[in-house]
């Protein structure tokens, strides 16, 4: 006799599958190796010790693996956050920077509770394409410094690394091609005794574990005044980059992420990172592409292991990691930039609407000019809104007829808001119309108080000539908005 209650089955985690686990472990190792020079570089950019960036990358990756809403996405110390906190570190020191990171994490949690993640639906595709293309260019340009004033052997090494990364997947996908490139080029460099720039040249690696501590700053209003602007910058820049990256991974993996969870997860990760003396961070798009696109990772295990491997590599195996040639990591990042760029967007440029192209180019240009993806996306969204409003403003039509009673009837069709309603006042023949005029809005929607003010201006112009203009046809929210504001706006 079968039980009337349905059988409850716990979903088995995907990473328990041996094949998936192998992919996740190897992907985490590749990301950890790529994180080391980047974290050191971002530490220098922020004006702090390399240990601060490395510990931040460890804590961000480990914490976000549990709290984040987008599996397989990598969070760590980033250049965007480094740019935000650098002035604070220079003027007030590391302890104030750490306090700002903790406060920034608190702000991110509050923004998540306020529903900031829902704003992602207002980012158009053209901004997303511009974001991706600008990201690819920034990743590539960041590698140029490693290709200038270097021994000539660096160039064939980078070429060999790219050849391995592009050709190995045609033979086997059992091991991530970027990891093979790093191992092969490292063994070749060491065995041949070549004197090439390596990871050890980028900065001193830590020899101990991070420890938990509160920032050594006075808990006063003055301290809050100093760190608050930087905390807000950390919160907004970090969330924007993280949510945009999550959307990008959604598209790559054909899965959906929890943007609200990702928002507060980033906040929790930054709070923990600050308590361990890190410089804060957010989603790293380049490393995420290595993890999800180049290495095929899909679960939280790869994110967690990236952080763990990073700590093990820099603390326990620092001497080994230090001899990895930068040429190998440059090859990996160049591959990531090529794979990230949306080449299809170039082929479709001639057939795309000019407004869409303008938005995409504006996003790319501002991002490259500021080296800040968040500012580029913000400007792209602003340009898209302005062009959309301009386009919609021209979709309003006004038709004049005369009814059986001899009244002039103006039928208005379209969406009426500040951009489209400004010219509405000039569509009426105030001097030539009869004593009674009907403004029929049954085919229109009133979206803001600016439109109500314009309609009031129309009726007033007729009234000054001793004529009566009546607005009819409004329903629902349009009628409620008109009744609430009509006659109140001056």
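In my numbering, the protein residues as written are 5 to 494. All C-beta atoms in this analysis are idealised placements derived from N, C-alpha and C, irrespective of residue type, glycine included. For clarity, every value in this text was computed on a predicted model and none was experimentally measured.
Check	Outcome
Fully enclosed by the region 349-379, which alpha helix (DSSP H) runs are 4 residues long or longer?	358-374
State the start and end residues of the unbroken alpha helix (DSSP H) segment that holds residue 489.	480-489
Using the Cα positions of residue 45 and residue 348, report the straight-line distance between them to the nearest angstrom.	32 Å
Could you tell me how far apart the beta carbons of residue 453 and residue 489 are, in whole angstroms, since I believe they sit closer than 8 Å?	5 Å
What number of angstroms, rounded off, separates the C-alpha of residue 302 from the C-alpha of residue 313?	18 Å
Put residue 398 into one of helix, strand or coil per three-state DSSP.	coil
By the three-class DSSP mapping on this structure, what secondary structure does residue 384 have?	helix
Rounded to whole angstroms, what's the CA-CA distance from residue 28 to residue 360? Just pull it up for me.	38 Å
Can you tell me the Cα-Cα spacing of residue 135 and residue 381, whole angstroms?	7 Å
Hey, how far is the Cα of residue 535 from the Cα of residue 129?	Look at the range of the chain in this structure, 5 to 494, and you will see that residue 535 is not part of it.
To the nearest angstrom, how far is it from the Cα of residue 391 to the Cα of residue 362?	9 Å
So, are the CB atoms of residue 331 and residue 189 less than 8 Å apart?	yes
Report the start-end ranges of each beta strand (DSSP E) in the region 431-470 that is 3 residues or longer and not cut off at the edges.	440-450
From residue 495 to residue 270, what distance separates their C-alpha atoms?	The first residue shown for the chain is 5 and the last is 494, placing residue 495 beyond what the model contains.
So what does DSSP say about residue 176, is it helix, strand or coil?	coil
Start and end of the beta strand (DSSP E) containing residue 150?	Looking at the DSSP string, residue 150 is not in any beta strand (DSSP E), and its letter there is neither H nor E.
Count the other CB atoms, across all protein chains shown, that sit within 10 Å of the CB of residue 199; report buried if there are 16 or more and exposed otherwise.	exposed
Buried or exposed: which applies to residue 404, given that a residue is buried once 16 or more other Cβ atoms fall within 10 Å of its Cβ?	exposed
Alpha helix (DSSP H) containing residue 307: first to last residue?	304-319
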